[in-house]
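A.B. asks: Before we start, here is the structure in question, set down as structure tokens.
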Amino acid sequence: MKRILALCIISAFLIISAVSIGSVSVPLIKVLQSIIYGIKMNLGFGAKSPGTGDTYFTIIWDIRFPRVLLAYLVGFSLASAGTASQALFKNPLADPYILGISGGASVGAALAAIYFPKYMGMFALIFALASVYVVYTISKVDGHIPVDTLLLAGIAFGFFSSAITSYLVYVGREKIHNAIFWLMGTFNGALWTDVKLVFLSSFTGFLFLILRWKELNLLLFGEESIALGLDVSFYRKAIIFVISLLTAFAVSTSGIIGFVGLISPHAMRIIFGPNHKRLLPASALFGGSLMVMADMFARILIKPQEIPVGIVTAVFGAPFFIYLLTKRKRGEIYA
Amino acid sequence: MRELSVMVSFSYGEKKVLENVSFSAKKGELLSIIGPNGAGKSTLLKCMVGILKPKGRIEFDSINLMDLKPKDRAKFITYVPQSSVSEFAFTIQEFVEMGAYTTRGDVERALRKVNLWNRRRELVTNLSGGEYQLVLIARALAQGSEIILLDEPTSNLDINHSLKIMEILSELKGEKLIIAVMHDLNLALRYSDRLILLSKGRIEWEGSSNELKPEILEKVYHVKAKIVEIEGNSLVLADI
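Protein sequence lines correspond, in order, to chains A and B.
Here the first sequence is numbered in this note's numbering, starting from 4 and rising by one per residue.
Here the second sequence is numbered in this note's numbering, starting from 15 and rising by one per residue.
As structure tokens, this is what we get:
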């Protein structure tokens, strides 16, 4: 419990720090004042001046704070979905995108970039959910979902949709520029509506998962857990639905950001063990923090330009993952 | 006395794995299911616990277990899989707590029964095969189901651990019905109240240890067999 609390404090500290860092550096105290004023203003009691100057307030409340919060919530969602995926597939290499979500979302975003540029997020969301439905339907055998088939169907669908995306990128040329940035993941231009949307999906999804931590533990043992009273078939379907919800909304607002959903549960399993009662909250909090840090690097590494955050997570994430794998090989980590 | 009555058939597509397997067993019994590899022993257990969906019926005191949802069925029947290592680093206590109806008190009682209560904070990944099997049994026990099915509980274990597990099962049968798939015929003969010999998906023979004849074993296993009696225990000697 203490360690989970420590992760909460680290999360809060990182969010405040990330808001203060940028092309214009804002002192921490002014960040706090602006956030408190913004919250009061939105709750309807606080017409007083923020006391930080209007420029700071606009930078913080309208630009940086929603961006950092969105990054946190997307990381939180992806890490929660990643933890659930690894339990569902009984496989430490599973990530939230394995159900075909990223592939579908990419096709949706690329199509929208060519034909309906204003609706990229919505297209990504619809295509992501439709893809899960397709993968799920392909995998269904007599009303049951064998996880191996689901895994393979997800991978096959991923290749298929990646081919379509490549084709759209090829024929779309100039029009597709926005989609390319999106495909690599970005929090640039985050809006409060995005934050609210992802807050709702991450809160609902996380709540379901944490209330069902016992069932997540049992899913690790596959069909055998029926002997311990688990309705394996029902929970597999429910978890697939929740993973889709968490991931599709995250992806629709910020694009395809890899590694956070894969690494967070791994890293936290070393400290907290495999029990989802602790692993899930730890992984979600860690994922959020990791994403805020990655976005911070994305903003400041080549100032004033930005790197897509998906590149940052992959560049730092891949070596970290390899490090974990070599540790595991030596038997130092039990996942 | 509460009675389990089974009558099932099961096929994988066209391939029949169990054909009208029908038997009954009472609470207080230790029943062993023996038979060569591929006879359908593990499939039978999986059908009984609900992992596979057979045709037929599985009744316990006239309640059809096949109609129940997994959580309700777990009150009556549970299963100890065939397994020698755990991939997931739960502590022994976390592992045993996983059952649907398990309370803290049940965990302590079950772990004391298998002598692992003092080691409850150790990781299951660090246990030997025999110790892990004991933890699996404790997990089934803690759930409080009336029937415990075990798939080869002594496979890959040394003689000391095998005997320990069979002794525990013998003690448990007072309050439960224990059904175990066994490959070690001598352990099965020594500890079971009754045996069922399964071959090619059918029951070939059913009876108590002293009723088993070498001809039946020879017919099913295709090896020469001799059954001798030493200090009241039947002992199978194969291929001599």
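All residues carry an ideal CB built from backbone N, CA and C; glycine is no exception.
With 8 Å as the threshold, decide whether the Cβ of A:N181 is near any Cβ in chain B.
C.D. replies: Stepping through the first sequence from its first residue, residue 181 of chain A is reached at position 178. Not an interface residue.
A.B. asks: Could you tell me which whole beta strand (DSSP E) segments of length 3 or greater appear in the segment 105-185 of chain B?
C.D. replies: 161-165
A.B. asks: Buried or exposed: which applies to B:E245, given that a residue is buried once 16 or more other Cβ atoms fall within 10 Å of its Cβ?
C.D. replies: If you number the second sequence from 1, residue 245 of chain B lands on position 231. Residue environment analysis places B:E245 among the exposed positions, since fewer than 16 neighbouring C-beta atoms fall within 10 angstroms of its C-beta.
A.B. asks: List the residues of chain B whose Cβ lies closer than 8 Å to the Cβ of A:L341, in chain order.
C.D. replies: Outside the displayed range of chain A (4 to 338) lies residue 341 of chain A, so it cannot be described from this structure.
A.B. asks: Spatial neighbours of A:V150 within its chain, please: CB distance less than 6 Å, with the 5 preceding and 5 following residues excluded, ordered by chain position.
C.D. replies: To locate residue 150 of chain A, count along the first sequence from 1; it is residue 147. Result list for A:V150: F92, in chain order.
A.B. asks: Given a cut-off of 8 Å on the beta-carbon distance, is the pair B:V63 and B:I91 in contact?
C.D. replies: Here residue 63 of chain B is taken as the residue at index 49 of the second sequence, counted from 1. Here residue 91 of chain B is taken as the residue at index 77 of the second sequence, counted from 1. Yes, the pair counts as a contact, with Cβ atoms nearer than the cut-off.
A.B. asks: Output the distance between the C-alpha atoms of A:G261 and A:A108, rounded to the nearest integer angstrom.
C.D. replies: Along the first sequence, read from residue 1 onward, the residue named residue 261 of chain A stands at position 258. Along the first sequence, read from residue 1 onward, the residue named residue 108 of chain A stands at position 105. C-alpha separation (whole angstroms): 13 Å.
A.B. asks: Could you tell me which chain B residues have their CB closer than 7 Å to the CB of A:L233, listed as they occur along the chain?
C.D. replies: Within the first sequence, the letter at position 230 stands for residue 233 of chain A. Simply P84.
A.B. asks: Let me see if you follow: with CB-CB separation under 8 Å, is B:P95 close to chain A or not?
C.D. replies: Residue numbering aside, residue 95 of chain B sits at position 81 when the second sequence is read from its first letter. It does; some Cβ of chain A falls within 8 Å.
A.B. asks: Select from A:S26, A:A21, A:A90 and A:I62 the residue whose C-alpha is nearest the C-alpha of A:S286.
C.D. replies: In the first sequence, the residue the question calls residue 286 of chain A occupies position 283. The option with the nearest alpha carbon to A:S286 is A:A90.
A.B. asks: Classify B:M15 as buried or exposed, calling it buried when 16 or more other Cβ atoms lie within 10 Å of its own Cβ.
C.D. replies: Reading the second sequence from its first residue, position 1 is the one you call residue 15 of chain B. Exposed, by the Cβ-count rule.
A.B. asks: What is the rounded straight-line gap between the Cα of A:G47 and the Cα of A:F289?
C.D. replies: The residue you call residue 47 of chain A lines up with position 44 of the first sequence. The residue you call residue 289 of chain A lines up with position 286 of the first sequence. Each residue's Cα considered, the two are about 33 Å apart.
A.B. asks: Among the candidates B:G144, B:L150, B:Y26 and B:L164, whose CA atom is the shortest distance from the CA of B:S56?
C.D. replies: Counting from 1 along the second sequence, the entry for residue 56 of chain B is found at position 42. For B:S56, the nearest C-alpha among the options comes from B:L164.
A.B. asks: Can you confirm whether B:G64, when its beta carbon is compared against all beta carbons of chain A, has any partner nearer than 8 Å?
C.D. replies: Working through the second sequence from its first residue, we reach residue 64 of chain B at position 50. It does: the Cβ of B:G64 has a partner Cβ on chain A nearer than 8 Å.
A.B. asks: What residue from B:E136, B:A124, B:L79 and B:E189 has the CA that sits closest to B:A103's CA?
C.D. replies: One-based indexing of the second sequence puts residue 103 of chain B at position 89. Cα-wise, what sits closest to B:A103 is B:E136.
A.B. asks: Give me the chain A residues within the contact set of B:Q157, using Cβ-Cβ distance strictly less than 7 Å, ordered along the chain.
C.D. replies: Position 143 of the second sequence, counting from 1, holds the residue named residue 157 of chain B. For a Cβ distance threshold of 7 Å, residue set L231 of chain A lies close to B:Q157, ordered along the chain.
A.B. asks: Grab me the residues of A:F211's own chain with a C-beta within less than 7 Å of its C-beta, minus the 5 sequence neighbours each way, in chain order.
C.D. replies: Against the first sequence, residue 211 of chain A aligns to sequence position 208. In the same chain as A:F211, and ignoring 5 residues on each side of it, the C-beta atoms closer than 7 Å to its own belong to V245, in chain order.
A.B. asks: Checking 8 Å against the spacing of the C-beta atoms, do B:G49 and B:L177 come in under that value?
C.D. replies: Locating residue 49 of chain B in the second sequence gives position 35, where the first residue counts as 1. Locating residue 177 of chain B in the second sequence gives position 163, where the first residue counts as 1. The criterion of a C-beta distance shorter than 8 Å is not satisfied by B:G49 and B:L177.
A.B. asks: Return the chain-ordered list of same chain residues with a C-beta closer than 7 Å to the C-beta of A:Y173, the five sequence neighbours on each side being excluded.
C.D. replies: For the purposes of this step, residue 173 of chain A is identified with residue 170 of the first sequence, where counting begins at 1. Here the set comprises nothing.
A.B. asks: In this structure, how does DSSP classify B:E189 when only helix, strand and coil are distinguished?
C.D. replies: As a first step, residue 189 of chain B is located in the second sequence; it is residue number 175 there, counting from the start. Note: B:E189 maps to coil in three-state DSSP.
A.B. asks: Hey, B:E160 and B:K187: beta-carbon distance below 8 Å or not?
C.D. replies: Position 146 of the second sequence holds residue 160 of chain B. Position 173 of the second sequence holds residue 187 of chain B. No, they are not a contact pair.
A.B. asks: For the candidate residues A:G175, A:I63, A:K5 and A:I7, whose alpha-carbon lies nearest to that of A:S20?
C.D. replies: On the first sequence, residue 20 of chain A is found 17 positions in, with the first residue counted as 1. In terms of CA proximity to A:S20, A:I63 leads the group A:G175, A:I63, A:K5 and A:I7.
A.B. asks: Look up A:T58 in the DSSP assignment and say whether it is helix, strand or coil.
C.D. replies: As a working mapping, residue 58 of chain A is identified with position 55 in the first sequence. Three-state result, A:T58: helix.
A.B. asks: Taking the DSSP output, what are the residues bridged to B:E43?
C.D. replies: Counting from one through the second sequence, the residue named residue 43 of chain B turns up at place 29. In DSSP, B:E43 forms no bridge with anything.
A.B. asks: Looking at chain B, is there any beta carbon in it that lies within less than 8 Å of the beta carbon of A:E227?
C.D. replies: For this step, residue 227 of chain A is matched to residue 224 along the first sequence. Yes, because at least one Cβ of chain B sits closer than 8 Å to the Cβ of A:E227.
A.B. asks: At the 8 Å Cβ level, is A:R333 part of the contact set with chain B, yes or no?
C.D. replies: Working through the first sequence from its first residue, we reach residue 333 of chain A at position 330. Unreliable positioning characterises A:R333 in this predicted model, as indicated by a pLDDT of 48, which lies under 50. A coordinate reading is not provided.
A.B. asks: So A:V263 packs on A:G78, CB below 8 Å; how close in whole Å?
C.D. replies: Position 260 of the first sequence, counted from the start, is the residue given in the question as residue 263 of chain A. Position 75 of the first sequence, counted from the start, is the residue given in the question as residue 78 of chain A. With a Cβ gap of about 5 Å, A:V263 and A:G78 count as contacting.
A.B. asks: For chain B, is any of its Cβ atoms less than 8 Å away from the one on A:G85?
C.D. replies: Position 82 of the first sequence, counted from the start, is the residue given in the question as residue 85 of chain A. It does not; no Cβ of chain B falls within 8 Å.
A.B. asks: Determine the contact status of A:I229 and A:L171, defining contact as a CB-CB distance below 8 Å.
C.D. replies: Taking the first residue of the first sequence as 1, we reach residue 229 of chain A at position 226. Taking the first residue of the first sequence as 1, we reach residue 171 of chain A at position 168. Cβ distance not < 8 Å, so A:I229 and A:L171 don't count as in contact.
A.B. asks: Give the secondary structure of B:V22 by DSSP, where H, G and I count as helix, E and B as strand, and everything else as coil.
C.D. replies: The residue given as residue 22 of chain B occupies position 8 in the second sequence. Correct three-state label for B:V22: strand.
A.B. asks: Within a Cβ cutoff of 6 Å, which residues of the same chain sit near A:D298, ignoring the five residues on either side of it in sequence?
C.D. replies: Against the first sequence, residue 298 of chain A aligns to sequence position 295. Once the five neighbours on either side are set aside, the close Cβ partners of A:D298 are A74, F190 and V312.
A.B. asks: Quick check on DSSP: helix, strand or coil for A:H147?
C.D. replies: If you number the first sequence from 1, residue 147 of chain A lands on position 144. A:H147: strand per DSSP, three-state reduction.
A.B. asks: Are any of the Cβ atoms in chain B nearer than 8 Å to that of A:P284?
C.D. replies: Counting from 1 along the first sequence, the entry for residue 284 of chain A is found at position 281. No, its Cβ sits nowhere closer than 8 Å to a Cβ of chain B.
A.B. asks: Look up A:N94 in the DSSP assignment and say whether it is helix, strand or coil.
C.D. replies: By 1-based counting over the first sequence, the position of residue 94 of chain A is 91. DSSP places A:N94 in coil when its eight states are reduced to three.
A.B. asks: Which whole-angstrom value is the C-beta distance of A:L81 and A:A251, which I expect to be below 8 Å?
C.D. replies: Locating residue 81 of chain A in the first sequence gives position 78, counting from the first residue. Locating residue 251 of chain A in the first sequence gives position 248, counting from the first residue. No, A:L81 and A:A251 are not in contact; Cβ-Cβ is about 11 Å, not under 8 Å.
A.B. asks: By alpha-carbon positions, which one of A:Y59, A:I129, A:T256 and A:I243 ends up nearest to A:L35?
C.D. replies: Indexing the first sequence from 1 puts residue 35 of chain A at position 32. That would be A:Y59, whose Cα lies nearest to the Cα of A:L35.
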